[in-house]
Structure formats: structure tokens, C-alpha cells
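S.K.: For the sequence shown, my numbering assigns the number 11 to the initial residue and increments by one for each residue that follows.
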Amino acid sequence: MSRIVRDPSGLPLAPSLSTTARFDPTSIPVWVVSDGGVYSEWLSRSTAEAREAAGVATSLRRRPDRDTALAAVTDVNAPLRQAYVDVMSALTMWKTVTAEQLAAFTGRPSITNRSNAVMDTLWDADLVIRGRHPPGSEVPVFYRRASGDAFGEFLGRLTYAERLAAFGGIKADWQRHYERHDIVTAELALRIAEHCPVTGVLGEPVASATHVFGPDITIHQGKTADMLVLRRDGLVILVETTASFPSRSAQIQKVAKWLDLMAADRTRSTALVFVAIGEAKRGNDAGIASQLRGLVPDALWGHFEAQRMGIADRVAVVAWRDWFPEPGQVSPGFLALRAQRPRLGVSPDDTVWEDVDLLDPFAVTSDVDLSAAKARHRFVRWYRPTPYWLRSRTESYDWKTPILVDSFGQEVSEQLIGRFRRYDTAT
11 MSRIVRDPSG LPLAPSLSTT ARFDPTSIPV WVVSDGGVYS EWLSRSTAEA
61 REAAGVATSL RRRPDRDTAL AAVTDVNAPL RQAYVDVMSA LTMWKTVTAE
111 QLAAFTGRPS ITNRSNAVMD TLWDADLVIR GRHPPGSEVP VFYRRASGDA
161 FGEFLGRLTY AERLAAFGGI KADWQRHYER HDIVTAELAL RIAEHCPVTG
211 VLGEPVASAT HVFGPDITIH QGKTADMLVL RRDGLVILVE TTASFPSRSA
261 QIQKVAKWLD LMAADRTRST ALVFVAIGEA KRGNDAGIAS QLRGLVPDAL
311 WGHFEAQRMG IADRVAVVAW RDWFPEPGQV SPGFLALRAQ RPRLGVSPDD
361 TVWEDVDLLD PFAVTSDVDL SAAKARHRFV RWYRPTPYWL RSRTESYDWK
411 TPILVDSFGQ EVSEQLIGRF RRYDTAT
């Protein structure tokens, strides 16, 4: 195994934002609650105001009022406006993140400071919630988006170009949060973006059947993966980070739905990998991976079309510690996203699992159309939730030729253009 190191001649990633500097969210002692939570206090502006009204001491008297802060955030000429947009875009995409992860996604190291202008103002405006930990804890501050009306006001004051670049193609409504699961998924995305030769990584809002497979495939449109990786040839690798599953039959049905979608996609434009992260207290990622290897063949055997199309070649399983054996360590196989895929025998019990490098286009083949691949590449290069070092620094988004608003890889309609033009007040 190798230690995770940073090549100073490589990515334009500040040392303070790299994998080696960030808190490792898979550290078992951190997660002290059975449901994967951590002993932290989540506090929003609304909650603080309610506490103050109830006579509980707070420091709000030293803070700007909500309306003043929201006016500062939505001011089109505000010096920190683009920082506010970056943060809200990242939180909408990744749901719950550490301060270090948020700084890495946005390229803004000051976010890791316990007090900083960007996050303080967003908290004052009731746009973000902070999760703080006991004094002396090495766990960084956690952030997620607040659920109140302020976010709607924020969206309404974005320009057309800002709204497309920050939220285009995804639903910006409220989502459920799973603290550990969200943070581990975000960490995996950042490590892949930093160390692997990929075009981009994006979270659950874009990793949906609607966005990945397009409007022509209408089955299971509510199905979502936890994140996706865009390979350089345009293949989309859907990633399911799996801590546990309620029952074998439920998990087989989950796999079967993905097989339905992949079988309906005649372009062979997707692959699917289950990354077993294990449960918070048990560190049983290898056991979860073993269970997945036991049920994936059953799902494949129950799906004739998947067998006929050879979809087993594009379905894989890997345990977290196969890639990251210990904190600060990485296996060489991670750099190619090496996992194990099934070779079906005469029955599910005769399945043989073999190593496969998901980033190798000769090992995991695809028939992605060149124009679709270029569209996806262009999308992630100007899309604000993309980790900042993978975004383009030479191309600017031209709102007159918008793409990829309705779905990932799909052209936007003129009707939708008209709906957003009224926001374009600063261009």
C-alpha cells in the first residue's frame, strides 16, 4: 500500500485543502450514535431566534439581523457574491459536508476558519446550518443548507447565468440528510477528483435516472445513485455508497432497478459500482461488500435482458478499505477505481469475481456518442458544484447557448430559457 501524498507539481489544490489535510470521516470513534450521527449541535439562525425568544441566552444581539444579512448575500454587487453562490451550490449538491470539504469543493480555504465572513453571513441570513462539536474535539464544523424561506429569496435574486451554473438541471428543494453517509460520500468524491484521471464528480441530485438516462427512458425516474463519476470518454460511473441494507430482497430489488435502466440504455453509457462503507460503529465494510457480492449475481440471473446485453461487465463491488486500508493510506488500485465484477457461471453460486479497472475504457467499454460525451464534459467544466480545480478557467458560460438544464447531457428548451431570463439583472 502507499501513503496518500500530494504532488506539488500536480493539481492547483492548496495544501490545506488536500486529502492529507482533511479530517478522515471514516474514523470509527467519531461516529458515536448508532444511526451514524455524531455528538454535535446543529444550530440555525431560526433556532437561535426561537431560543432567544424563549429566554435562552444567545449571541444574536451582536449579529446583524436576518434581513440585513440576506440583503448582503443577494446584492448583485456584493464583493463575496460568487463565494455565496459557490457555497450554496455545493451544499445543494452534497447535502452535508465538513468545513474542510466545503473549502475543497469551492476552493476557498478561509471557510475552514471557525469564524469567516462568507459562512457567518450565510448563517446570519438563515441560509446555512452549523453543526459544532464539543470543545477540544478534532472534528471540524459541519454544514448543511437551511430549510427556511431564505433560500427561495436567494434563488430569486440570482442572475440567469448564475442560476444555471449553480443549480441548472437539479431540483433545489429540501432533501433528507444522513450525516455520516453524506460526508463519507463527499469525501470519496473529493479523493476521486484529486487523485484519479476523471472529468468530474457530482452528487445525488445529478446522479438520478432522469439526468443520467434522459427523458426517453421513463422507467424508475425517481431512482438516484449517491454520486457519479464522469470518465474522460463520457461514460458515467454511478456510485452507491452502502453502509447497510434492511433486507436481502430489498437490496436485490434496488440492483434490479438499476439493471432495468442500464438495459434500456442502448448506448452503454453507464457503469455501476457499490462502494461498501460499512456501519458507523462496526467498521464492517468488508462484510457488507461480501453480502453485495452474494446478491448481485441473483439480481443478474433474474434479469434476462441484462444477461443478454452483458451488463454484468459494467456492475462492480468494492469495500472502502480495498481502496483506503488505513487513514492516510491508498491502494494503487484506487487510482484506476479498481473493483470486482461478476463472471456469471451456470448458476448464481458459480459466479467468479474478477478485478476490473473502472477507469480503463478497454476493460469497461462504452458506446457513448461523441457529441453526448462533449456535452457532458462541457457541462462539468462550467458547473459550480464541480470541484473547483476540475472547472474550466478559460471558458465562460454563454447564456445564449445554454445546455444541460433539463437533464444531464440534454439540450435546454427555449421555453426554459425564457423562464429564467427575468433573473438576468446583472449581465
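Cβ coordinates follow ideal geometry from the N, Cα and C atoms, glycine included. Given the structure is predicted, the values throughout are model-derived calculations rather than measurements.
Going by C-alpha to C-alpha distance, which of 231, 362, 244 and 98 sits closest to residue 160?
M.R.: Taking the sequence shown and counting its residues from 1, the one referred to as residue 160 is at position 150. Of the candidates 231, 362, 244 and 98, the one whose C-alpha sits nearest the C-alpha of residue 160 is 98.
S.K.: Over the uninterrupted beta strand (DSSP E) stretch that includes residue 161, give me the two end residues.
M.R.: Position 151 of the sequence shown, counted from the start, is the residue given in the question as residue 161. No beta strand (DSSP E) contains residue 161, which is instead part of the alpha helix (DSSP H) from 160 to 166.
S.K.: Tell me whether residue 368 sits in a helix, a strand or coil according to DSSP, three-state version.
M.R.: Residue numbering aside, residue 368 sits at position 358 when the sequence shown is read from its first letter. The answer is coil: DSSP assigns residue 368 none of H, G, I, E or B.
S.K.: For residue 305, does the three-state DSSP call read helix, strand or coil?
M.R.: Stepping through the sequence shown from its first residue, residue 305 is reached at position 295. Three-state DSSP puts residue 305 in a helix.
S.K.: Quick check: is the beta carbon of residue 223 nearer than 8 Å to any beta carbon in chain B?
M.R.: Looking at the structure shown, chain B is missing, and only one protein chain is on hand.
S.K.: Between residue 274 and residue 321, which are expected to be in contact by the criterion C-beta below 8 Å, what is the C-beta distance as a whole number of angstroms?
M.R.: For the purposes of this step, residue 274 is taken as the residue at position 264 of the sequence shown. For the purposes of this step, residue 321 is taken as the residue at position 311 of the sequence shown. 11 Å between Cβ atoms; not a contact.
S.K.: Am I right that residue 312 and residue 266 are in contact with their C-beta atoms under 8 Å? What's the rounded C-beta distance?
M.R.: Residue numbering aside, residue 312 sits at position 302 when the sequence shown is read from its first letter. Residue numbering aside, residue 266 sits at position 256 when the sequence shown is read from its first letter. Residue 312 to residue 266, Cβ: 7 Å. Contact.
S.K.: Please state whether the Cβ-Cβ distance between residue 230 and residue 217 is less than 8 Å.
M.R.: Counting from 1 along the sequence shown, the entry for residue 230 is found at position 220. Counting from 1 along the sequence shown, the entry for residue 217 is found at position 207. Not a contact, by the Cβ cut-off of 8 Å.
S.K.: Let me check understanding here. Comparing Cα to Cα, which of 205, 348 and 309 lies closest to residue 28?
M.R.: Counting from one through the sequence shown, the residue named residue 28 turns up at place 18. When only C-alpha atoms are compared, the closest one is 205.
S.K.: Looking at residue 324 and residue 252, is the spacing between their C-beta atoms short of 8 Å?
M.R.: Against the sequence shown, residue 252 aligns to sequence position 242. Against the sequence shown, residue 324 aligns to sequence position 314. Cβ atoms of residue 252 and residue 324: not closer than 8 Å.
S.K.: Taking 6 Å as the limit between beta carbons, can you name the residues of its chain near residue 362, skipping five residues before and five after?
M.R.: Here residue 362 is taken as the residue at index 352 of the sequence shown, counted from 1. Result list for residue 362: 353, in chain order.
S.K.: Taking 6 Å as the limit between beta carbons, can you name the residues of its chain near residue 117, skipping five residues before and five after?
M.R.: Counting from one through the sequence shown, the residue named residue 117 turns up at place 107. 398, listed in sequence order.
S.K.: Less than 8 Å between the beta carbons of residue 338 and residue 102, yes or no?
M.R.: Numbered from its first residue, the sequence shown carries residue 338 at position 328. Numbered from its first residue, the sequence shown carries residue 102 at position 92. Cβ distance not < 8 Å, so residue 338 and residue 102 don't count as in contact.
S.K.: Does the segment 375 to 394 touch the segment 243 to 250, meaning 3 or more C-beta pairs lie closer than 8 Å?
M.R.: yes
S.K.: What residue ranges within the segment 113 to 164 form continuous alpha helix (DSSP H) runs of no fewer than 4 residues, ordered along the chain?
M.R.: 127 to 134
S.K.: How is residue 334 classed by DSSP in three states: helix, strand or coil?
M.R.: Within the sequence shown, the letter at position 324 stands for residue 334. Coil at residue 334, not helix or strand.
S.K.: What is the DSSP secondary structure of residue 186, counted as helix, strand or coil?
M.R.: As a first step, residue 186 must be located in the sequence shown, where it is residue number 176. Looking at residue 186 - three-state DSSP - the assignment turns out to be coil, as it is neither helix nor strand.
S.K.: Please report the Cβ distance between residue 368 and residue 347, rounded to the nearest whole angstrom; I am assuming they are in contact, meaning their Cβ atoms lie under 8 Å.
M.R.: On the sequence shown, position 358 is the one that residue 368 refers to. On the sequence shown, position 337 is the one that residue 347 refers to. With 8 Å as the limit, residue 368 and residue 347 qualify as a contact, their Cβ atoms being about 4 Å apart.
S.K.: Helix, strand or coil: which one does DSSP assign to residue 277?
M.R.: In the sequence shown, the residue the question calls residue 277 occupies position 267. Looking at residue 277 - three-state DSSP - the assignment turns out to be coil, as it is neither helix nor strand.
S.K.: In whole angstroms, what is the alpha-carbon distance linking residue 317 and residue 214?
M.R.: Residue numbering aside, residue 317 sits at position 307 when the sequence shown is read from its first letter. Residue numbering aside, residue 214 sits at position 204 when the sequence shown is read from its first letter. C-alpha separation (whole angstroms): 27 Å.
S.K.: Let me make sure I understand the geometry here. Which of 283, 241, 162 and 108 has the alpha-carbon closest to that of residue 378?
M.R.: Position 368 of the sequence shown, counted from the first residue, corresponds to residue 378. Here the closest residue by C-alpha is 241.
S.K.: Can you check the segment 203 to 274 for any beta strand (DSSP E) of at least 3 residues that lies completely inside it and give the ranges in chain order?
M.R.: 210 to 213, 237 to 240 and 246 to 252
S.K.: Using DSSP's beta-bridge definition, name the partner residues of residue 325.
M.R.: Counting from 1 along the sequence shown, the entry for residue 325 is found at position 315. Partner(s): 282.
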